[in-house]
């Protein structure tokens, strides 16, 4: 199972060129902006805080439900930074690909980067469990507002997107997984918000 998830997500990284983007934790997730202002000849630090969401305490029916919740928290914490990284790299990739003169140059660039990306992300993706792989698929959709299937299709075409969708389905992971923050994924969205604001 781990090998399957590794192969599936490695493929998502294969069409993304290596960039200087890194997973970096902000100095404090509650700060949006901060700067110095001079007021009456006195320098004052002005901090603009991010919106802070407060939720009622989670209530569990039994130990099994509580255990599942904390497993979901673990999976979100592990995969959310990579979903955000994929989003930022996709933006950079799109902008870079627009500068290349033709399709041939784009294809050559992708082939060149495939090997480097494989080496860069292989150690991380090999450690993902099946549940973490499925979580990453969901969170990619959350961050990019498109499914992994649509992203692969946009960069590599329908044939390869369908191939990887079929391959994933064999092991119970669909690249077409939707993101529904008001319904099925409400708890995951809540966890994401809490993780992003540094309160979980």
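Numbering (the numbering used here), first residue to last: -19 to 180. Where a beta carbon is used, it is the ideal one built from N, C-alpha and C, also for glycine. All figures in this text were calculated on a predicted structure; none of them were measured in a lab.
Cutoff 7 Å; reference residue i; Cβ partners in own chain excluding five residues on either side
i: residue 140; result: 132
i: residue 180; result: 53, 171 and 174
Distance cut-off 7 Å: residue i Cβ against heavy atoms of the ligand SAH
i: residue 136; result: By its list of ligands, the structure shown contains no ligand whatsoever, and the ligand SAH lies outside what it can speak to.
Extent of the continuous beta strand (DSSP E) to which residue i belongs
i: residue 55; result: Premise fails: residue 55 lies in the alpha helix (DSSP H), 43 to 79, not in any beta strand (DSSP E).
i: residue 29; result: 22 to 29
Residue i: first and last residue of the uninterrupted alpha helix (DSSP H) it sits in
i: residue 175; result: 166 to 176
i: residue 130; result: 128 to 136
i: residue 162; result: First-last for residue 162: undefined, no H or E at that position.
i: residue 123; result: 110 to 124
Which listed residue (the options) has its alpha carbon closest to that of residue i
i: residue 27; options: 159, 107, 134 and 17; result: 17
i: residue 122; options: 21, 83, 60 and 43; result: 60
i: residue 116; options: 156, 90 and 86; result: 156
i: residue 53; options: 163, 65, 119 and 138; result: 119
i: residue 68; options: 90, 85, 36 and 124; result: 124
i: residue 149; options: 138, 114, 25 and 82; result: 114
i: residue 29; options: 36, 15 and 37; result: 15
i: residue 200; options: 98, 109, 161 and 37; result: With the chain covering only -19 through 180, there is no way to say anything about residue 200.
i: residue 137; options: 162, 167, 75 and 87; result: 87
Beta-carbon proximity list for residue i, same chain, < 6 Å, skipping 5 on both sides
i: residue 2; result: Unreliable positioning characterises residue 2 in this predicted model, as indicated by a pLDDT of 39, which lies under 50. The coordinate reading is nonetheless provided below. Result list for residue 2: empty, nothing under 6 Å.
i: residue 64; result: 123
i: residue 37; result: none
i: residue 167; result: none
Cβ-Cβ distance between residue i and residue j below 8 Å
i: residue 173; j: residue 56; result: no
i: residue 32; j: residue 177; result: yes
i: residue 112; j: residue 129; result: no
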